[in-house]
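First the structure, in the form of structure tokens, and then the observations on it.
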Amino acid sequence: MTFRRALGSISAMAGTLAVIASLSSVSLTTGCENTSEPVRVKGQVHLTLLHTSDIHSRLFPYNLQLGQVDAGLGLGEALTIANVGGAARISHILGRERARSSRVLHLDGGDCFQGAPVFNFYSGEAEIRSLAAMGVDAMIVANHEFDRGGLNLGLQLQNFASYPVLAANYILEDPKEPGASQLGTVIQPFTVFTLEGLRVGVIGMGNLSSITSIFEAPNRLGITPLATTEVAQFYVDLLRPTVDVIVFVTHLGLEVDQRMIETTTGIDIVLGGHNHIVLQPPKRVRDCSRNCDSDGQNCHIELAGAEPGSRVTRPCRPREVILAHSGAFAKYVGRLDLVLSNQKEDLAEPDIYDPVDGFEVISTDYKLFPVNEQVPEDPIVATTLEPYAQGLDALANLDLLVGYALDGSRRFSSSGGDSALGNMIATAMWLRLGIQTDFSLTNSTGIRADLVPGPVTVEQAYNIFPFDNSITKMQLSGIEVQDLFNFVARRSAGRGCVSQVQVAGTRIVIDCQQKLTETSAPGVATNIYIGAYNPPVPCSADVHCPGSGLGSCDLESGRCFQPIDPIASYELATSNYLAGGGSGFRVLQRNTTQFDTGVQQRDALIDYIRAGAPCGADESGALTTCSTDADCTGVGEGYVCACPEIVTEGLACDNAPDRSCSNGACVLKKCRQDVAAFQRETCAGATSEAVKKECEAAILPCSAAGEQCKFLACVDRGLGNYSDGRIKMVGQ
Numbered sequence: 010m011t012f013r014r015a016l017g018s019i020s021a022m023a024g025t026l027a028v029i030a031s032l033s034s035v036s037l038t039t040g041c042e043n044t045s046e047p048v049r050v051k052g053q054v055h056l057t058l059l060h061t062s063d064i065h066s067r068l069f070p071y072n073l074q075l076g077q078v079d080a081g082l083g084l085g086e087a088l089t090i091a092n093v094g095g096a097a098r099i100s101h102i103l104g105r106e107r108a109r110s111s112r113v114l115h116l117d118g119g120d121c122f123q124g125a126p127v128f129n130f131y132s133g134e135a136e137i138r139s140l141a142a143m144g145v146d147a148m149i150v151a152n153h154e155f156d157r158g159g160l161n162l163g164l165q166l167q168n169f170a171s172y173p174v175l176a177a178n179y180i181l182e183d184p185k186e187p188g189a190s191q192l193g194t195v196i197q198p199f200t201v202f203t204l205e206g207l208r209v210g211v212i213g214m215g216n217l218s219s220i221t222s223i224f225e226a227p228n229r230l231g232i233t234p235l236a237t238t239e240v241a242q243f244y245v246d247l248l249r250p251t252v253d254v255i256v257f258v259t260h261l262g263l264e265v266d267q268r269m270i271e272t273t274t275g276i277d278i279v280l281g282g283h284n285h286i287v288l289q290p291p292k293r294v295r296d297c298s299r300n301c302d303s304d305g306q307n308c309h310i311e312l313a314g315a316e317p318g319s320r321v322t323r324p325c326r327p328r329e330v331i332l333a334h335s336g337a338f339a340k341y342v343g344r345l346d347l348v349l350s351n352q353k354e355d356l357a358e359p360d361i362y363d364p365v366d367g368f369e370v371i372s373t374d375y376k377l378f379p380v381n382e383q384v385p386e387d388p389i390v391a392t393t394l395e396p397y398a399q400g401l402d403a404l405a406n407l408d409l410l411v412g413y414a415l416d417g418s419r420r421f422s423s424s425g426g427d428s429a430l431g432n433m434i435a436t437a438m439w440l441r442l443g444i445q446t447d448f449s450l451t452n453s454t455g456i457r458a459d460l461v462p463g464p465v466t467v468e469q470a471y472n473i474f475p476f477d478n479s480i481t482k483m484q485l486s487g488i489e490v491q492d493l494f495n496f497v498a499r500r501s502a503g504r505g506c507v508s509q510v511q512v513a514g515t516r517i518v519i520d521c522q523q524k525l526t527e528t529s530a531p532g533v534a535t536n537i538y539i540g541a542y543n544p545p546v547p548c549s550a551d552v553h554c555p556g557s558g559l560g561s562c563d564l565e566s567g568r569c570f571q572p573i574d575p576i577a578s579y580e581l582a583t584s585n586y587l588a589g590g591g592s593g594f595r596v597l598q599r600n601t602t603q604f605d606t607g608v609q610q611r612d613a614l615i616d617y618i619r620a621g622a623p624c625g626a627d628e629s630g631a632l633t634t635c636s637t638d639a640d641c642t643g644v645g646e647g648y649v650c651a652c653p654e655i656v657t658e659g660l661a662c663d664n665a666p667d668r669s670c671s672n673g674a675c676v677l678k679k680c681r682q683d684v685a686a687f688q689r690e691t692c693a694g695a696t697s698e699a700v701k702k703e704c705e706a707a708i709l710p711c712s713a714a715g716e717q718c719k720f721l722a723c724v725d726r727g728l729g730n731y732s733d734g735r736i737k738m739v740g741q
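Final position of the sequence shown in my numbering is 741; the numbers increase by one with none missing.
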């Protein structure tokens, strides 16, 4: 079935969907079950919606360096490292909040898969089981639920989902066999809850923008997408006669959420996801407001007609719809308290009340609960997850140290261009032994976490690169390079003029306002340089380079870069995801010179860091020898003599002033303290304080940490951990 046919088939599906409606409804009651006609409520009633979304496999607590936004939302103090997330903590909050209200639903907005090692090794089983243990009332299917394919998703849901799983905007078909697929047997468009007489219809909307393959017919996922406005209005019309309130749980993104509300009529509440943002307070968006006359009184919605290309209009009156987003990565739980009424006199705009709409929202209160270390764990969920924690310890050495980052590394930059972490990752791909191409490129959104200050572990590499993407090489002409970066420019311009790629070996200028043609979307790559001149052309500013082009001087190396030659050939290293057309990179997908190296991006980053010199090393990579701390004053501020003979075991890991050693080396004191604290964490799970002390005595954390800091690579400017303006954004 083509996408166009899918759009035209919505009306024809009405009979089938009506049957689905009767089969997919779920009725929840409080108190004793009553087989007679359910109690109908009237007047003002209260409803509480608990919302999570984009958990991204953060089932276990993790460390996060807090920015200003998270600090402002109550997660902790800005620029400190906080221990956040965890399904058991979320479950505690959910249980506490359920106990405070009578009519309560917990609705999850999808993307519970992918983002931490538990998904890489268990393929979503732990995530689905965790939601079941939390008692989630319904979840929707989002894009990352398909990261291991539709068959895996179907198996995990069949085996472990004890709750409705929703996606109204997908037709689920097996590409090899006619009829409903396995996914079609476990995913439904909506469900209905009866809460003390209040009937709440919940409709799910899966993601469309990030699973571009579903617009191909047929596709390996067996999904035909349906147009957002048409399918949303269809289910609103289908459910309105039988429910009091309509809630949409979506993974469409904020912009599409707003457009869906404005182009439909009859939705009451939307709980959204996908953008990893918090709306505090929630937005109030007027429905039926996209097509109105100049005074805003005569409005209508437009829907696809039964015939291809035809449109039908329907008059309506705009009303307020509540739109909430509750963050991502298990950092927050949102609580939306609503007062509803079906009495005209209770409403702020009684003149436009239509009894067909059932209960309207008359007031709201939104609270956001941070998931941090002050929140206790729910023992039921903690017990559910324990086998997975033990399994990860056995399957992967996630605590293995690969380096030390005094200041960490950020994946975003204030300029909107290249970032410190992005540059280091792109360089790791570019210089990888056996790859070593002319330039490298990876998508910014594929870098999923910052590098937290302190010891760098294999687990952090998984958090940064949760996807098992490998590095692909290919040849591009200069013209194709221009096409590639013009696409990047258009994509970046449409996303707030923030670069959607990170690069190495190249320097580019992106103009977010310029257009290639009058009809094209904004965004042009105006200056593209690949490789330095040979012999080198020194520079300290762009004016020193041939042509004086903006961005042509690499200030770090003091060398001028060459502009691309349209007829030259350039070798690119990128991810197999982008090479396959992911995120819309069709310009790469059609390239016929691709070679998948099999080297994962994650492994390239780990190996690149491991190869670095320790903090305080000289140009040859050697550390300064010492016998006391006084010998380290010439190395720099904050260096101490690391030697087991003189260090004292304690939180500060200070050296004894009356001792000296014969085989010491100068290391960062902060490295020794942080690595020692990391070592102590291995003893934190001891059954008693005595056993904990015995464990620490066996490890000797300060002594062991000092020896490790002699070899751990320093993640600093020496490894390219800085932003140098290689991607300049113009027209922000």
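Backbone N, C-alpha and C define an ideal beta-carbon position, used for all residues, glycine too.
- Spatial neighbours of I618 in its own chain (CB-CB distance under 7 Å, excluding positions within 5 residues in sequence) are listed in chain order as V411, G412, V465, A722, V724 and L728.
- Within the DSSP bridge table, the entry for E311 names T322 as partners.
- The three-state reading of DSSP puts G412 in strand, counting E and B together.
- Cβ neighbours of V50 within its own chain (closer than 6 Å, five residues either side excluded): G206 and L207.
- Pairing E136 with S66 gives a Cβ-Cβ distance under 8 Å.
- G213 carries a strand assignment under DSSP once its states are collapsed to helix, strand and coil.
- Assignment of beta strand (DSSP E) within the region 502-559, counting only whole runs of 3 or more residues, yields 510-513, 515-520 and 533-541 in chain order.
- For the pair D117 and S62, the CB atoms are nearer than the 8 Å cut-off.
- In this structure, DSSP gives A147 an extended state, which the three-state scheme calls strand.
- Burial check for P462: the Cβ neighbour count within 10 Å reaches 16 or more, so the residue is buried.
- Using a 10 angstroms sphere on the CB of K737, the tally of other CB atoms reaches 16 or more, which defines it as buried.
- Judged by DSSP in its simplified three-state form, C297 adopts coil rather than helix or strand.
- Residue pairing of R208 in beta bridges, as defined by DSSP: T203.
- Counting along the chain, the unbroken alpha helix (DSSP H) around P710 starts and ends at P710 to C718.
- With respect to the 8 Å criterion, Y397 and L82 are not classified as neighbours on the basis of their beta carbons.
- Within the region 578-648, the runs of beta strand (DSSP E) that reach at least 3 residues and sit entirely inside it are, in chain order, 578-584 and 604-609.
- Here D640 is near C675, since their CB atoms are less than 8 Å apart.
- Here the alpha carbons of N600 and G532 stand approximately 23 Å from one another.
- If you draw a straight line from the Cα of S712 to the Cα of L415, it is about 19 Å long.
- Of the other Cβ atoms in all chains shown, 16 or more fall within 10 Å of the Cβ of A714; this residue is therefore buried.
- Here D296 is not near P317, since their CB atoms are 8 Å or more apart.
- For H101, the enclosing alpha helix (DSSP H) covers residues A96 to R107.
- Across the structure, A96 and H60 are spaced so that their CA atoms are roughly 14 Å apart.
- Distance from the Cα of L632 is smallest, within the candidate group C325, K719 and L68, for K719.
- If you look at N472, you'll find it in the alpha helix (DSSP H) that goes V467 to I473.
- Under the three-state reduction of DSSP output, I480 falls in the strand class.
- When DSSP reads this structure, E369 sits in a beta bridge with S350.
- DSSP, read as helix, strand or coil, puts K376 in strand.
- If you check the CB distance, D360 and G275 do not come in under 8 Å.
- Under the 10 Å beta carbon count, A622 is surrounded by 16 or more other beta carbons and is classified as buried.
- In the three-state scheme derived from DSSP, where H, G and I count as helix and E and B as strand, I389 is classed as helix.
- With fewer than 16 other beta carbons inside 10 angstroms of its own, T194 counts as exposed.
- If you draw a straight line from the Cα of E716 to the Cα of R112, it is about 58 Å long.
- If you draw a straight line from the Cα of Q688 to the Cα of N129, it is about 25 Å long.
- Assignment of N432 by DSSP, reduced to helix, strand and coil, places it in the helix class.
- Collapsing the DSSP output to three states places K678 in a helix.
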